[in-house]
Each structure stands twice: as structure tokens, then as C-alpha cells.
Amino acid sequence: PRHDEARDDADFPVDDLLDDARRSAALYIGGLGARGKNFYNEIVGRAGFADAARTIQDHYLDGRKDEAAAAVPRELLDRLHLIGPAGHVRERVAAFRAAGVTTLMAEPAGEDPVRTIERLRQIVDETA
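As numbered in the working numbering, residues 3 to 130 make up the sequence shown, in order.
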């Protein structure tokens, strides 16, 4: 989860954070295993992104990491990450909760990761 309440929504660096998430997702989906041997690629494919997973892996294994990252769909990032200002994070936490998610894995970004985790905990509690 990545958010920062100190910024106005218009100033929030969503695109930069999405680019970071794309690079990370491309590594997992495309680079952690050979074709047919990558758990993350398989699970993303089963989640409805089979074409994207195949494209990401093809690019990544052929050494085209930037192209692999660019092939990660925004919809997939939105399903996997909490990236945005607090209001957006609150909406996504509520959606995860409604879908039955009981555990979030946090990888905070920004200058104060402890504050980010504390704020995320507060948002999770508010949506309970």
C-alpha cells in the first residue's frame, strides 16, 4: 500500500508509484521462473490476465524489462495494490474487505514508512 495524506489529490504522484509497481509486477510475472514454471505468471493468467501474463513473460525473458513493465495492465495493478491518496486507499480497502480479504501485505513508499503503515492501519480500522 502506498499513500500520502500530506499531498493534495492533484499533486499525488500516482503515475510514478504505478511505474514502480509495474516494474515490480513485471519481475514477478515475467522473471521469476522459466516459461511454464512461474507461479506468479500462472496465477495472474488464471485471474483473467493470461494474454498480458504471456506478453510480460515473453518480454522479460527476452531481456526487454521496460517493455515487460509497460505491458502490465493498470487494471491488474489496481487489483493488487493500494496506490493513491487516503480516500482512494480507503475505497480499495473497503473493496478488498467486501471481497473477503483478511490480510494485507504492505510495502510502504515515501519518506516515512512507519507513518504510512500507521495510517494504513487506521484506514483499515475505519473500514471495519
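Quick reminder that beta carbons are idealized off the backbone N, C-alpha and C, glycines included.
{"Query": "Less than 8 Å between C-beta atoms, sequence neighbours within five positions excluded: which residues of the same chain meet that for residue 25?", "Result": "67 and 71"}
{"Query": "Is it right to say residue 119 is buried, meaning 16 or more other beta carbons lie within 10 angstroms of its own, or is it exposed?", "Result": "exposed"}
{"Query": "So, are the CB atoms of residue 75 and residue 98 less than 8 Å apart?", "Result": "no"}
{"Query": "Could you check where the alpha helix (DSSP H) with residue 81 kicks off and where it finishes?", "Result": "76 to 82"}
{"Query": "Whether or not the segment 26 to 38 and the segment 56 to 67 are in contact is what I'm after, with contact meaning three or more pairs of Cβ atoms, one per stretch, closer than 8 Å; do they touch?", "Result": "yes"}
{"Query": "Which residue comes first and which comes last in the alpha helix (DSSP H) that contains residue 89?", "Result": "88 to 100"}
{"Query": "Give every residue of the same chain whose Cβ lies closer than 6 Å to the Cβ of residue 114, excluding the five residues on either side of it in the sequence, and list them in chain order.", "Result": "none"}
{"Query": "Roughly how many angstroms separate the alpha carbons of residue 151 and residue 83, rounded to a whole number?", "Result": "The requested residue 151 is not part of the displayed model; the chain covers only 3 to 130."}
{"Query": "Along the alpha helix (DSSP H) that carries residue 51, what are the first and last residues, could you check?", "Result": "Element bounds for residue 51: n/a, residue is neither H nor E."}
{"Query": "Would you mind reading off the limits of the alpha helix (DSSP H) that contains residue 126?", "Result": "115 to 128"}
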